[in-house]
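Under my numbering, think of the first position of the sequence shown as 5, with each following residue one higher.
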Amino acid sequence: MSGSHQVILAATEQVMFGRPASECVKELVQQHDFKRVLILASSSLKNNTSEIADIELALGERHAVTIDGIKPHAPRADVVRVADAARKVNADLILTVGGGSVTDAGKIAALLVKHNVTDIAQMEALRINVTDTGEWINPLDNMPDAAPDIATICIPTTLSGGEFNPLSGATDEVSGHKQAYMHRNMAAKAIILDPAMTVHTPEWLWLSTGVRSVDHCVETLASLLSNDFADGLASNALQMLAKGLKQVKENPEDLDARLKCQMGAWQSMVPIIGGVPMGASHAIGHILGGACDVPHGYTSCVMSPYVLKWNESHNASRQTRISDALGAGDKTASQALDELIRFLGMPRTLTEVGVSKDKFDMIANLTLEDIWGRTNPRPVEGADNIKEILRMAM
Numbered sequence: 005m006s007g008s009h010q011v012i013l014a015a016t017e018q019v020m021f022g023r024p025a026s027e028c029v030k031e032l033v034q035q036h037d038f039k040r041v042l043i044l045a046s047s048s049l050k051n052n053t054s055e056i057a058d059i060e061l062a063l064g065e066r067h068a069v070t071i072d073g074i075k076p077h078a079p080r081a082d083v084v085r086v087a088d089a090a091r092k093v094n095a096d097l098i099l100t101v102g103g104g105s106v107t108d109a110g111k112i113a114a115l116l117v118k119h120n121v122t123d124i125a126q127m128e129a130l131r132i133n134v135t136d137t138g139e140w141i142n143p144l145d146n147m148p149d150a151a152p153d154i155a156t157i158c159i160p161t162t163l164s165g166g167e168f169n170p171l172s173g174a175t176d177e178v179s180g181h182k183q184a185y186m187h188r189n190m191a192a193k194a195i196i197l198d199p200a201m202t203v204h205t206p207e208w209l210w211l212s213t214g215v216r217s218v219d220h221c222v223e224t225l226a227s228l229l230s231n232d233f234a235d236g237l238a239s240n241a242l243q244m245l246a247k248g249l250k251q252v253k254e255n256p257e258d259l260d261a262r263l264k265c266q267m268g269a270w271q272s273m274v275p276i277i278g279g280v281p282m283g284a285s286h287a288i289g290h291i292l293g294g295a296c297d298v299p300h301g302y303t304s305c306v307m308s309p310y311v312l313k314w315n316e317s318h319n320a321s322r323q324t325r326i327s328d329a330l331g332a333g334d335k336t337a338s339q340a341l342d343e344l345i346r347f348l349g350m351p352r353t354l355t356e357v358g359v360s361k362d363k364f365d366m367i368a369n370l371t372l373e374d375i376w377g378r379t380n381p382r383p384v385e386g387a388d389n390i391k392e393i394l395r396m397a398m
């Protein structure tokens, strides 16, 4: 028997979909009797649409404050700012409306309030550390009553899927390292999938974060530590995402296709939450994002096919399921995925996203410190292995 021998279940209680977000928010806050709601919003949604105003109106007197201005990859200073605001208004709910950085900032901010963290230096005591052998050391595991008291509800407008995850990341502004924080109850209490809300999301952001969720599926199916339950979910999610992303590319107003993408992104996260470790595409991607300012979705567009190619010698038999799910059983997984990403018009090289060879040493060394830097199907034995993959991606 191979693979992981347990499935960890998420703490998320409810997912609402296919209804207006403001209507769902009103129902949820009444159901749970939240009285002091902090909205953490995407700046573009807040400033360029009526979506946030509609949610504020639906909340009525339960609305405490709206915060925006979260920068990409959730810098720690931004997370502390949200925690300070939540503390000031005595929030009992953080409602995030936006992409992955907004989601991560809201979830971690709730944790910071619980542990009385008021500056970025104090965040070090809560983050996951990774040993040289790849073991995770999570300080929250040894803290009694470590769970956040403030609940989170998330309305995602991109497809990275982090709203479902009890793990979130914030970026060290000095090193560029994406630091991980995890507690089971950091997963959103409820999630609202409103495809109409996502029509405001720029096409490149929607499609590239969709590829990020594709990468969740791909690295599940490629993993030597997966299991039949996770493989089945990942395979179905990959089919939904590939079909839905192509449909949205051809018709951005297709709300059914957008919801199909959202459902696929949700399903792609279940194996990760359940305990299947990701591989080098995710590990390298965390560093490309935090240290090189590459958008989250673009990291998967560039790296995922090259990592598949690099891994072929160790998991070729598992990669056939990726090709089959993409409807290209006559091709290698790396070829099939490359064709999907190119059809969507996304970048495929590090050069296209502004990463030069002089950064390879830094990227490789930080990747080894990532939570998934040591869980790739083909063992990563050192920085030279990471640089080999990076050279393939130029």
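For each residue, glycine too, the CB sits at the ideal point set by N, CA and C.
Remember, it's a predicted structure, so these values are computed and weren't measured experimentally.
Determine the DSSP secondary structure at residue 308, reduced to helix, strand or coil. helix
When the Cα atoms are used, what is the spatial distance from residue 186 to residue 329? 31 Å
Drop a sphere of 10 angstroms on the beta-carbon of residue 209, count the other beta-carbons inside from all chains shown, and report buried for 16 or more, exposed for fewer. buried
Determine the DSSP secondary structure at residue 231, reduced to helix, strand or coil. coil
For a test of the three-state rule: what should DSSP assign to residue 378, helix, strand or coil? coil
Quick check on the burial criterion: 16 or more other C-beta atoms within 10 angstroms. Buried or exposed for residue 166? buried
So residue 352 and residue 306 are in contact, right, with Cβ under 8 Å, and what is the actual spacing, rounded? 6 Å
Give, in chain order, every unbroken run of the beta strand (DSSP E) that is at least 3 residues long and sits entirely within the segment 48-79. 67-71
Measuring CB to CB, does residue 283 end up less than 8 Å from residue 169? no
Backbone CA spacing between residue 280 and residue 65 [nearest angstrom]: 42 Å
The alpha helix (DSSP H) enclosing residue 224, as first and last residue numbers: 207-226
In whole angstroms, what separates the C-alpha of residue 26 from that of residue 63? 8 Å
Cβ neighbour criterion (16 or more within 10 Å) applied to residue 373: buried
When you compare only the Cα positions, how much space is there between residue 138 and residue 375? 7 Å
Buried versus exposed call for residue 320 [16 or more other C-beta atoms within 10 Å across all chains shown]: exposed
Cutoff 8 Å; reference residue 393; Cβ partners in own chain excluding five residues on either side: 284, 288, 307, 310, 311, 314
Helix, strand or coil for residue 400 per DSSP? Missing from the structure shown is residue 400; the chain here goes from 5 to 398 and no further.
Spatially closest choice to residue 206 from 183, 102, 240, by CA coordinates: 102
When you compare only the Cα positions, how much space is there between residue 97 and residue 57? 17 Å
Residue burial classification, residue 377 (beta-carbon count within 10 angstroms, cutoff 16): buried
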